[in-house]
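Reviewing the structure listed below.
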Amino acid sequence: GAVVSQHPSWVICKSGTSVKIECRSLDFQATTMFWYRQFPKQSLMLMATSNEGSKATYEQGVEKDKFLINHASLTLSTLTVTSAHPEDSSFYICSARVGSYGYTFGSGTRLTVV
Amino acid sequence: QQQVKQSPQSLIVQKGGIPIINCAYENTAFDYFPWYQQFPGKGPALLIAIRPDVSEKKEGRFTISFNKSAKQFSLHIMDSQPGDSATYFCAASMGNTDKLIFGTGTRLQVFP
Chain R
1 GAVVSQHPSW VICKSGTSVK IECRSLDFQA TTMFWYRQFP KQSLMLMATS NEGSKATYEQ
61 GVEKDKFLIN HASLTLSTLT VTSAHPEDSS FYICSARVGS YGYTFGSGTR LTVV
Chain G
1001 QQQVKQSPQS LIVQKGGIPI INCAYENTAF DYFPWYQQFP GKGPALLIAI RPDVSEKKEG
1061 RFTISFNKSA KQFSLHIMDS QPGDSATYFC AASMGNTDKL IFGTGTRLQV FP
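Here it is as structure tokens:
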């Protein structure tokens, strides 16, 4: 089946630094990637949608200058959290569209900003 | 209109029981209704999904019941096992817009 590999699975960084999270589609081409954020015991909140070769579309309230998304190829999308602060600590998950209706999810990245 | 309402928030059953999780939506343009299972620290994994042209779909111990007129759908887990203890999310999407809208989640605990 379609697999999305997400790395790293967890990361700790100092406040003010930037962190990059990668998602790779292993056995298919991901035209559309989605990035979610999930706080403890809460649902997934869509942050942005990216299409290969074009600028990402951000959901209302999501700072595009803080959460930089790059989808430069059909197999790789990255999310960079810039100038991270403790309130950016969360679980970040990527997802790719598969076929007409399917979605496959990465295993998630636990970001802790200290 | 973009919301998917999910209940209950949490559910505790004994092994062998049949937990039922319910979801409701407003937007009649939704045409894909998946259920996901998520374990702590992991991404969601697709359990089963249904399109609005059928009223029920069964895969193994998991069954979706879909009521188009009531705009509701539910997940039934037959012969539940302790290994089914996880958080379950319903979701909905419109094929032409790509967005997947998630319910609020149900934390299921199955005791031996």
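As they're listed, the protein sequences go chains R and G. FYI, in this note's numbering the residues of the first sequence are 1 to 114. FYI, in this note's numbering the residues of the second sequence are 1001 to 1112. Backbone N, C-alpha and C fix where the C-beta goes; we use that ideal spot for every residue, glycine too.
Specify the secondary structure class of residue i as computed by DSSP and reduced to three states.
i: residue 53 (chain R); result: coil
i: residue 102 (chain R); result: strand
i: residue 1082 (chain G); result: helix
i: residue 1034 (chain G); result: strand
i: residue 1056 (chain G); result: strand
i: residue 1026 (chain G); result: coil
i: residue 59 (chain R); result: coil
Relative to the alpha-carbon of residue i, which residue among the options has its alpha-carbon at the smallest distance?
i: residue 1098 (chain G); options: R:72, R:110, R:49 and R:60; result: R:49
i: residue 1109 (chain G); options: G:1068, G:1045 and G:1083; result: G:1083
i: residue 1021 (chain G); options: G:1058, G:1006, G:1013 and G:1057; result: G:1006
i: residue 73 (chain R); options: R:17, R:99, R:110 and R:54; result: R:54
i: residue 81 (chain R); options: R:7, R:105 and R:111; result: R:111
i: residue 24 (chain R); options: R:114, R:106 and R:65; result: R:106
i: residue 30 (chain R); options: R:13, R:15 and R:4; result: R:4
i: residue 8 (chain R); options: R:114, R:113 and R:109; result: R:109
i: residue 113 (chain R); options: R:100, R:99, R:103 and R:90; result: R:90
i: residue 6 (chain R); options: R:93, R:99, R:19 and R:100; result: R:93
i: residue 104 (chain R); options: R:79, R:15 and R:32; result: R:32
i: residue 17 (chain R); options: R:75, R:46, R:86 and R:60; result: R:86
i: residue 201 (chain R); options: R:15, R:34 and R:20; result: Not covered by the structure: residue 201 (chain R). The range shown for chain R is 1 to 114.
Tell me which residues share the same chain as residue i and place their Cβ nearer than 6 Å to its Cβ, disregarding the 5 neighbours each side in the sequence.
i: residue 1092 (chain G); result: 1004, 1025, 1030, 1033 and 1101
i: residue 56 (chain R); result: 48, 50 and 69
i: residue 64 (chain R); result: 58
i: residue 1066 (chain G); result: 1050, 1055 and 1073
Just the Cα atoms here: how many angstroms apart are residue i and residue j?
i: residue 10 (chain R); j: residue 88 (chain R); result: 14 Å
i: residue 1011 (chain G); j: residue 36 (chain R); result: 25 Å
i: residue 1036 (chain G); j: residue 1076 (chain G); result: 13 Å
i: residue 44 (chain R); j: residue 1057 (chain G); result: 25 Å
i: residue 1079 (chain G); j: residue 1013 (chain G); result: 10 Å
i: residue 62 (chain R); j: residue 39 (chain R); result: 15 Å
i: residue 84 (chain R); j: residue 1063 (chain G); result: 42 Å
i: residue 1050 (chain G); j: residue 13 (chain R); result: 41 Å
i: residue 1043 (chain G); j: residue 27 (chain R); result: 18 Å
i: residue 1095 (chain G); j: residue 1107 (chain G); result: 28 Å
i: residue 1059 (chain G); j: residue 1019 (chain G); result: 16 Å
i: residue 79 (chain R); j: residue 46 (chain R); result: 13 Å
i: residue 1052 (chain G); j: residue 2 (chain R); result: 24 Å
i: residue 101 (chain R); j: residue 1040 (chain G); result: 26 Å
i: residue 19 (chain R); j: residue 52 (chain R); result: 21 Å
i: residue 1002 (chain G); j: residue 60 (chain R); result: 14 Å
Within 8 Å: the Cβ of residue i and any heavy atom of the ligand ADP?
i: residue 112 (chain R); result: No copy of the ligand ADP occurs in the structure displayed, which carries no ligand at all.
I'd like to know whether the C-beta atoms of residue i and residue j end up nearer to each other than 9 Å.
i: residue 1105 (chain G); j: residue 41 (chain R); result: yes
i: residue 1055 (chain G); j: residue 1071 (chain G); result: no
i: residue 1046 (chain G); j: residue 1088 (chain G); result: no
i: residue 1090 (chain G); j: residue 1111 (chain G); result: no
i: residue 1086 (chain G); j: residue 1009 (chain G); result: no
i: residue 22 (chain R); j: residue 77 (chain R); result: yes
Mind pulling the chain B residues with CB within less than 9 Å of residue i?
i: residue 101 (chain R); result: The structure shown contains no chain B; its protein chains are R and G.
Tell me which same chain residues have a C-beta within less than 7 Å of the C-beta of residue i, skipping the five on either side of it?
i: residue 1081 (chain G); result: 1015 and 1110
i: residue 1017 (chain G); result: 1080
Could you name the residues of the same chain whose beta carbon sits closer than 8 Å to that of residue i, not counting the 5 residues immediately before and after it, in chain order?
i: residue 1028 (chain G); result: 1071
i: residue 1103 (chain G); result: 1004, 1005, 1006, 1023, 1089, 1090 and 1091
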